[in-house]
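Asks:
2 protein chains.
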Amino acid sequence: MNYKEAKEKFISTWGSLGTLWGINKAMAQIHALLWVSPEPLSMEDIMEELQISRGNTSMNLRQLMDWGIVFKESKPGERKEYFVSEKDVQELARQVAKERSRREIKPVIKTLREVSAIENDGSKKTKELIKQTKALYDLASNADIMMNKIVNQESNWITKTLMKLIN
Amino acid sequence: MNYKEAKEKFISTWGSLGTLWGINKAMAQIHALLWVSPEPLSMEDIMEELQISRGNTSMNLRQLMDWGIVFKESKPGERKEYFVSEKDVQELARQVAKERSRREIKPVIKTLREVSAIENDGSKKTKELIKQTKALYDLASNADIMMNKIVNQESNWITKTLMKLIN
DNA sequence: ATAAACTTTCAGTAATTACTGAAAGTTTAA
DNA sequence: TTAAACTTTCAGTAATTACTGAAAGTTTAT
């Protein structure tokens with residue numbers, strides 16, 4: 001496997017992984033491309049390398065910037081904007097954890113709290129609904145607290161913690 | 001919020017969460033319905049409650065059974081098959097972790113290992129590709145090892161571990 | 001103020017993914 | 001072995017999601 005093959009394989013694998021997570025392919029591929037590029041890339045560069053349209057590139061770059069894992073960079077004396085990804089894997093993990101907590105876990109926790117707080121009329125089905133949603137609420141809350149821990153710690157906390165768990 | 005509203009809210013929230021994770025809506029909703037049902041439900045029951053077709057119900061129940069979080073149950077003297085979900089939240093988490101590791105993390109680790117193992121020709125771009133895919137490989141491996149820990153421990157390991165992390 | 005160089009937006013369209021329902025398949029009881 | 005009761009499969013279709021490209025918008029240099 002030469003450089004070109006390896007790079008393409010990485011980009012396409014990252015792209016499919018994204019799909020599996022509800023992140024669209026283009027967004028994941030742009031991230032992969034920037035992740036392994038030693039130099040900042042322009043929109044043209046990205047469009048050409050991934051064979052996608054200007055609009056698509058623009059929209060997905062914005063999303064990556066919203067996630068806080070890609071940044072604009074301007075080269076002195078050039079009008080064009082260049083893009084770079086966050087290169088530190090720890091920081092990447094922190095940002096992804098933070099976004100997923102905000103977008104996915106927090107809203108579901110809110111619903112679980114509301115549902116598990118309905119009045120208990122003593123019927124079997126009501127008791128079951130309360131019991132089961134309460135159990136999920138506890139699990140999701142713990143997961144969310146853990147994610148927030150990660151987000152608010154120094155950047156090598158993850159590795160240290162994982163190591164603790166593994167041993 | 002009465003019982004019916006609460007149940008519907010839970011089912012629809014769980015459905016959207018599924019979508020966000022690349023699990024289809026029907027699959028997540030069937031799981032939610034079984035999760036809060038004190039009694040096993042037949043295919044008819046599920047079809048009627050969620051207003052979905054027989055084919056859809058059948059295919060998604062099979063997937064839930066593949067994931068190991070829903071089981072068939074037969075009532076003595078009845079031809080019809082009934083379905084129940086795993087009710088223990090810990091066991092649910094273990095099964096989900098196990099499946100996600102197998103389907104999502106393991107394949108990506110394999111690619112990252114292959115890509116990060118290409119020959120280093122000393123060029124800047126090759127060095128960057130190796131360095132960055134290696135960093136992701138390490139992160140993904142650690143995450144996967146942690147998930148496997150979870151899967152292979154006694155069922156309340158998660159809670160105990162989360163508690164340790166939180167304090 | 002003008003225009004060149006660039007980016008963003010968004011209506012229309014393409015691609016993907018999920019769902020339906022009827023036919024085929026399977027199991028069980030008699 | 002037959003047929004009733006039930007489940008699965010899958011081709012066709014519907015719904016959703018992603019992408020394109022041109023027009024509108026923005027920024028910068030002169």
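Chains as they are written, first to last, in full-length UniProt numbering: chain A, 1 to 167; chain B, 1 to 167.
For every residue, glycine included, the Cβ atom is placed at its ideal position computed from N, Cα and C.
Source: prediction; values computed, not measured.
Tell me the DSSP secondary structure of residue 44(A) in three-state form.
Replies: Correct three-state label for residue 44(A): helix.
Asks: Applying the criterion that 16 or more other CB atoms from any shown protein chain within 10 Å of the CB defines a buried residue, is residue 60(B) buried or exposed?
Replies: Under this definition residue 60(B) is a buried residue.
Asks: Taking the DSSP output, what are the residues bridged to residue 83(B)?
Replies: 41(B) and 72(B), per the DSSP bridge assignment.
Asks: Should residue 135(B) be flagged as near chain A, meaning a C-beta pair shorter than 7 Å?
Replies: By this cut-off, residue 135(B) is an interface position.
Asks: Our contact map puts residue 82(A) next to residue 40(A) with C-beta atoms below 8 Å; I'd like the distance itself, whole angstroms only.
Replies: Correct: roughly 3 Å between the Cβ atoms.
Asks: Nearest-angstrom Cα distance between residue 77(A) and residue 20(B)?
Replies: The straight-line gap from Cα to Cα measures roughly 42 Å.
Asks: Could you tell me whether the Cβ of residue 38(B) comes closer than 7 Å to any Cβ of chain A?
Replies: Yes, contact with chain A.
Asks: Hey, does residue 55(A) have any beta-carbon neighbour from chain B nearer than 7 Å?
Replies: Cβ-Cβ to chain B under 7 Å: no for residue 55(A).
Asks: Under 8 Å Cβ to Cβ from residue 72(B), same chain only, skipping five residues before and after it: list those, please.
Replies: If we look at residue 72(B) and ignore the five residues flanking it on each side, its Cβ neighbours are 65, 81, 82 and 83.
Asks: Once the 5 residues before and after residue 50(A) are set aside, which same chain residues still bring their CB inside 6 Å of it?
Replies: Answer for residue 50(A): 29, listed in chain order.
Asks: List, in chain order, every chain B residue whose beta-carbon is nearer than 8 Å to that of residue 83(A).
Replies: By Cβ distance, chain B contributes nothing, its closest Cβ being about 15 Å from residue 83(A), past 8 Å.
Asks: In three-state DSSP terms, what is residue 145(A)?
Replies: Helix at residue 145(A).
Asks: Would you mind working out which of 8(B), 115(B), 75(B) and 113(B) sits nearest residue 33(B), comparing C-alpha positions?
Replies: For residue 33(B), the nearest C-alpha among the options comes from 8(B).
Asks: At the level of alpha carbons, what is the spacing between residue 123(A) and residue 116(A)?
Replies: Straight-line Cα distance between these residues: approximately 14 Å.
Asks: Whole angstroms are fine: how far does the CA of residue 104(A) sit from the CA of residue 142(A)?
Replies: Near 14 Å, if we compare the C-alpha coordinates of residue 104(A) and residue 142(A).
Asks: When you compare the CB of residue 64(B) with every CB in chain A, is at least one pair closer than 7 Å?
Replies: False, the Cβ-Cβ gap to chain A never drops below 7 Å.
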